[in-house]
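K.L.:
Can you keep this structure in mind? I'll have questions shortly.
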Amino acid sequence: MKRGQFITLLWLSIYLTGTAYGQQQDTTYRHMFRAYEDNDLFNVVGGISDRGYTNGTRFDYFYINNKPPRFFLHHIMPKAGDSSVNTYGFSIMQVMITPKNILRRIPLRSDFPYSGSLFATHSLQSVNPVKKYSWQSELMLGVLGPPSLAQQTQESVHHLVGYFKPNGWDYQLKTDLLLNISVAGEKQLAHIHKALELIGGAQAFAGTALNGLAAWTTLRLGMMDPYFNGYLSRYSAPYERRNRQQIYFFFRPAVELTLSNAFIGGGIFNRKNRPIPPPDPNYDEADNADMVRERVVAKCDYGVVVSSGRIGISYTLTSMTPMVKGTGNQETSNISLYIAW
0 MKRGQFITLL WLSIYLTGTA YGQQQDTTYR HMFRAYEDND LFNVVGGISD
50 RGYTNGTRFD YFYINNKPPR FFLHHIMPKA GDSSVNTYGF SIMQVMITPK
100 NILRRIPLRS DFPYSGSLFA THSLQSVNPV KKYSWQSELM LGVLGPPSLA
150 QQTQESVHHL VGYFKPNGWD YQLKTDLLLN ISVAGEKQLA HIHKALELIG
200 GAQAFAGTAL NGLAAWTTLR LGMMDPYFNG YLSRYSAPYE RRNRQQIYFF
250 FRPAVELTLS NAFIGGGIFN RKNRPIPPPD PNYDEADNAD MVRERVVAKC
300 DYGVVVSSGR IGISYTLTSM TPMVKGTGNQ ETSNISLYIA W
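Structure representation (structure tokens):
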């Protein structure tokens, strides 16, 4: 079955399942589960490649809580005023990065390194539906290196599907601490009824994992709930709503300035002990240059969201300029499944 046919059938099943479940309950949803998978296996453009950011698997639990915060960290997370809808989240994610040629036992020094990470996050998305703006904050805690089990995961999956075995994990980045915080703000710039929205946003992030800034604009177009009604309503609609289906497209160009990136350059404690691959006697090409990371990256996310009742699915394509000099542009895709209750 072709990937396009598979995606079409999956969306149809989401529609039928969401409608059936929605007839059982007419309460407003306050909880959501998300299963999230980044992988160029889903690419409809750009082809399949394990180069660079090759896989990201994430599971999230979101819940709405507008009561006064009790947890001390919630007091320092920015809120969007008295009218805000506050959606908290907990997640766990595993990330894999590999060079272009995974068959080589000794990877090129100038290419992406083998890198694995495993981390948990706690987030708050505070949205003001009246003034049309939001604050998003996230705390991250995790580990870089062999304890992430990225090597075992990739080797097992490749064996399961009959794909090439990655041979260079002996040179993966060493174990290190990932501790980060990020804060982002978004504001509606323009809209046409409920059919089109233009939103601007900016983000700052700091810690042992990533340090930098980002800015973007988002265009949404289609049959949809307003963006600033809350996070859950972007991917679901309760039974009390007359129209419980959504289908909309989005386009999000962005630019990122990243001063440091532990996922590529290594963590702060073991950065100087990063494994340096020796020359490979099995290959003729010279490899005397070290990896050079690009600090400024332009990217664009574009895709579609389809939801029916409590069930939603999104498909996102991401195109970005090189993160490592000489490696070329990268395309990857994401499929996410949302279940609300």
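With the first letter of the sequence shown counted as 1, position 57 gets the number 56 in numbering that gives the first Met the number 0; the numbers rise by one all the way through.
Ideal Cβ positions, reconstructed from N, Cα and C, are used throughout, including at glycine.
Owing to the predicted nature of the structure, the values given are computational and were not obtained by experimental measurement.
(1) Return the CA-CA distance between G184 and G302, expressed in angstroms with no decimal places.
(2) For I63 and K271, I'd like the C-alpha separation in whole angstroms.
(3) At which residues does the alpha helix (DSSP H) containing H30 begin and terminate?
(4) Label W341 either buried or exposed according to how many other C-beta atoms from any shown protein chain fall within 10 Å of its C-beta, with 16 as the threshold for buried.
(5) Report all residues from its chain with a CB closer than 6 Å to the CB of A236; omit the five preceding and five following residues, and keep chain order.
(6) Would you call F32 buried or exposed, if buried means 16 or more other Cβ atoms sit within 10 Å of its Cβ?
(7) Using the beta-carbon count (16 or more within 10 Å), is M322 buried or exposed?
(8) Can you have a look at I310 and say buried or exposed, based on whether 16 or more other CB atoms are within 10 angstroms of its CB?
(9) Residue range of the alpha helix (DSSP H) that V232 falls in?
(10) Report the start-end ranges of each beta strand (DSSP E) in the segment 124-170 that is 3 residues or longer and not cut off at the edges.
(11) Could you spell out the range, first to last residue, of the alpha helix (DSSP H) harbouring F111?
(12) Roughly how far, in whole angstroms, is the beta-carbon of S125 from the beta-carbon of P77, given that I think they are within contact range, below 8 Å?
(13) Could you please give the first and the last residue of the uninterrupted alpha helix (DSSP H) stretch that includes I263?
(14) Using 8 Å as the cut-off, can you tell me whether the segment 226-236 makes contact with the segment 154-171, which would need three or more C-beta pairs spanning the two stretches below that distance?
(15) So if DSSP puts A297 in a beta bridge, which residue, or which two residues, is it bridged to?
(16) For the alpha helix (DSSP H) holding H192, just list the boundary residues, first then last.
(17) Here's a check: name, in chain order, each residue in its chain whose Cβ is nearer than 7 Å to the Cβ of F268, leaving out the five neighbours to either side.
(18) Rounded to whole angstroms, what's the CA-CA distance from G211 to G200? Just pull it up for me.
(19) DSSP three-state call for R350: helix, strand or coil?
(20) Helix, strand or coil for F249, going by three-state DSSP, please let me know.
(21) Scan the segment 59-89 and note each continuous alpha helix (DSSP H) run of 4 residues or more that stays entirely inside, going in chain order.
(22) Go through its chain and collect everything with a Cβ distance to A297's Cβ below 6 Å, but skip five positions before and after it.
(23) Measure the Cβ-Cβ separation of L143 and S116 and say whether it is below 7 Å.
(24) Bridge partners for W215 per DSSP, in chain order?
(25) Am I right that V94 and G51 are in contact with their C-beta atoms under 8 Å? What's the rounded C-beta distance?
(26) Round the Cβ separation of Y60 and N333 to the nearest angstrom and send it over; I've been treating them as touching at under 8 Å.
(27) Looking at C-alpha atoms only, which residue of V295, L159, T317 and L195 is the closest neighbour of S352?
(28) Return yes when the Cβ of M139 is within less than 7 Å of the Cβ of T152, no when it is not.
(29) With distances taken Cα to Cα, identify the nearest neighbour of T326 among W134, T317 and R292.
(30) Please classify K131: is it buried, with 16 or more other beta-carbons within 10 angstroms of its beta-carbon, or exposed?
P.N.:
Taking the coordinates as given:
(1) 22 Å
(2) 43 Å
(3) H30 -> not in any alpha helix (DSSP H); beta strand (DSSP E) instead, spanning H30 to N38.
(4) Lying before the first or after the last residue shown, residue 341 is absent from the chain, which here runs from 0 to 340.
(5) R243
(6) exposed
(7) buried
(8) buried
(9) The residue asked about is misnamed: residue 232 is Ser in this sequence, not Val. From DSSP, S232 is part of no alpha helix (DSSP H); its letter is neither H nor E.
(10) 132-143
(11) No alpha helix (DSSP H) holds F111; DSSP gives it neither H nor E.
(12) 7 Å
(13) A261 to G264
(14) no
(15) V254
(16) Counting along the chain, H192 falls outside any alpha helix (DSSP H), and DSSP gives it neither H nor E.
(17) D175 and L176
(18) 15 Å
(19) There is no way to answer for residue 350, as the model of the chain reaches only from 0 to 340.
(20) strand
(21) 71-75
(22) V254 and T320
(23) yes
(24) G200 and A253
(25) The pair is not a contact, with the Cβ atoms about 11 Å apart (cut-off 8 Å).
(26) With 8 Å as the limit, Y60 and N333 do not qualify as a contact, their Cβ atoms being about 18 Å apart.
(27) Because the chain here runs from 0 to 340, residue 352 falls outside it and cannot be looked at.
(28) no
(29) R292
(30) buried
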